[in-house]
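Okay, so here's the structure we're looking at.
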Amino acid sequence: MAVGIPCAFCGVRPFTEFTFGGEWRELDAPDAESDFQRVYLPENAEGAQRERWFHVMGCRTWSTVVRDTRTNEVG
Amino acid sequence: MTGDGFVRDPLQARALDMAAAADRSGGRLTLDREPFLTQVSLRLDPSLASRSPFPLPLEPNTVTEDGSHEVLWLGPDEWLVLGEPHTGAQIVEALERALAGEHRSVIDVSANRVAVELGGTGRIAVLATGCGLDLHPRSWRGGMCAQTLFAKTHVILQERLNATRMLVRPSFADYLVDRLLVGL
Ligand SMILES: [Zn+2]
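Chains R and U are the protein sequences, given in the same order.
Its first residue numbered 236, the first sequence is counted upward by one per residue in this note's numbering.
Its first residue numbered 143, the second sequence is counted upward by one per residue in this note's numbering.
Next comes the structure, spelled out in structure tokens:
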């Protein structure tokens, strides 16, 4: 069974309808140092990770999803 | 608007293939072209939806009808208005008049996709050979639409009374028919 990604509008859809938008991160940072951290130093968690997924083949909106990077379990 | 003489249905050459496939299926499946279906793309803030002359569905992935038009929900601020062939100019004008002054986008995109209508009781099984959606009647019913993948191509599916309409890019239309015939 393909990994299902929950879209905020369409419900759970196959991940093939989405593009991966990377780890969730703040939209902005107060200073250059933390901005560098925000953009270039992802956490790359082993386990539950908050991620952004774009429903490109569907309603073309972004959703925030928690995925376990070891099992691909989405919850 | 382009003169009729310049308009060509990308699936014209496949009409015989489609009819033959329907024959082979022994009545389980029909495959029909819907040439020149009018399609108008509407982008609009959903809070202005009531201003539209065509009722806009606000529930995701559903369709509303008003007799001669169907409106598909494509996104939270995006709809596709379907109408009879060569009615694009009227639909655009009706929308532009009703939404004048508002931030919106109204574009005739009739040439953007080709429509194929699948009929017959076997159509869902054929769809399921290439589509990751849950097509069980508990979650896929008449009056619903979805943008998804069928095999390798993006499709808009619209579930109608005893038929499923598939909208694909013209350059994928041949592929879609080939792939449907494989699934048969
Ligand atoms: Zn979606």
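Glycine included, C-beta positions come from ideal geometry on N, C-alpha and C.
Residue i to residue j span [Cα, whole Å]
i	j	result
U:Asn254	U:Arg311	6 angstroms
U:Pro218	R:Phe244	8 angstroms
R:Arg260	R:Gln272	10 angstroms
R:Gly246	U:Arg185	22 angstroms
U:Leu224	U:Ala161	25 angstroms
U:Thr290	R:Pro277	30 angstroms
U:Leu300	U:Phe148	One point to set straight first is that residue 300 of chain U is Gln, not Leu, in the sequence displayed. About 28 angstroms.
U:Phe292	R:Asp263	38 angstroms
R:Val314	R:Arg287	Here chain R comprises residues numbered 236 to 310, so residue 314 of chain R is not present and cannot be evaluated.
U:Ile330	U:Ser192	Because chain U is modelled from 143 through 326, residue 330 of chain U falls outside the range shown and cannot be assessed.
U:Gly285	R:Thr306	36 angstroms
U:Asn203	U:Leu216	7 angstroms
R:Thr299	U:Glu207	33 angstroms
U:Thr263	U:Arg166	14 angstroms
U:Met143	U:His245	For U:Met143, the predicted model reports a pLDDT of 48, less than 50, meaning its position is unreliable; a value from the coordinates is still stated below. Using only the alpha carbons, I get a separation of about 24 angstroms.
R:Tyr275	U:His296	33 angstroms
Neighbouring residues, chain B, relative to residue i (Cβ below 7 angstroms)
i	result
R:Glu252	Checking the listed chains, one finds no chain B in this structure; the protein chains it contains are R and U.
Closer than 8 angstroms to chain U by CB, residue i
i	result
R:Arg302	no
R:Pro249	yes
R:Phe244	yes
R:Gly293	yes
Below-8 angstroms beta-carbon distance, residue i vs any chain R residue
i	result
U:Leu216	yes
U:Gly262	no
U:Gly243	no
U:Asn203	yes
U:His278	no
U:Gly169	no
Distance CB(residue i)-CB(residue j) smaller than 8 angstroms
i	j	result
U:Thr306	U:Leu269	yes
U:Leu153	U:Ala163	no
U:Val234	U:Val213	no
U:Ala231	U:Ser194	no
U:Leu179	U:Ala257	yes
First through last residue of the beta strand (DSSP E) which encompasses residue i
i	result
U:Val324	It is not in any beta strand (DSSP E) - U:Val324 instead sits in the alpha helix (DSSP H) that spans 312-325.
R:Gly256	254-258
R:Gln272	Where R:Gln272 is concerned, there is no enclosing beta strand (DSSP E), although the alpha helix (DSSP H) it sits in stretches over 267-275.
U:Leu216	212-217
U:Glu220	220-225
Segment limits, alpha helix (DSSP H) that includes residue i
i	result
U:Ala267	265-270
R:Arg287	Here R:Arg287 belongs to no alpha helix (DSSP H); instead the beta strand (DSSP E) covers 283-289.
Heavy atom of ligand 2 within 7 angstroms of residue i beta-carbon
i	result
U:His296	Looking for ligand 2 in the displayed structure turns up nothing; the ligands present are ligand 1.
Segments assigned alpha helix (DSSP H), at least 4 residues, entirely inside the segment 144-176 of chain U:
157-166
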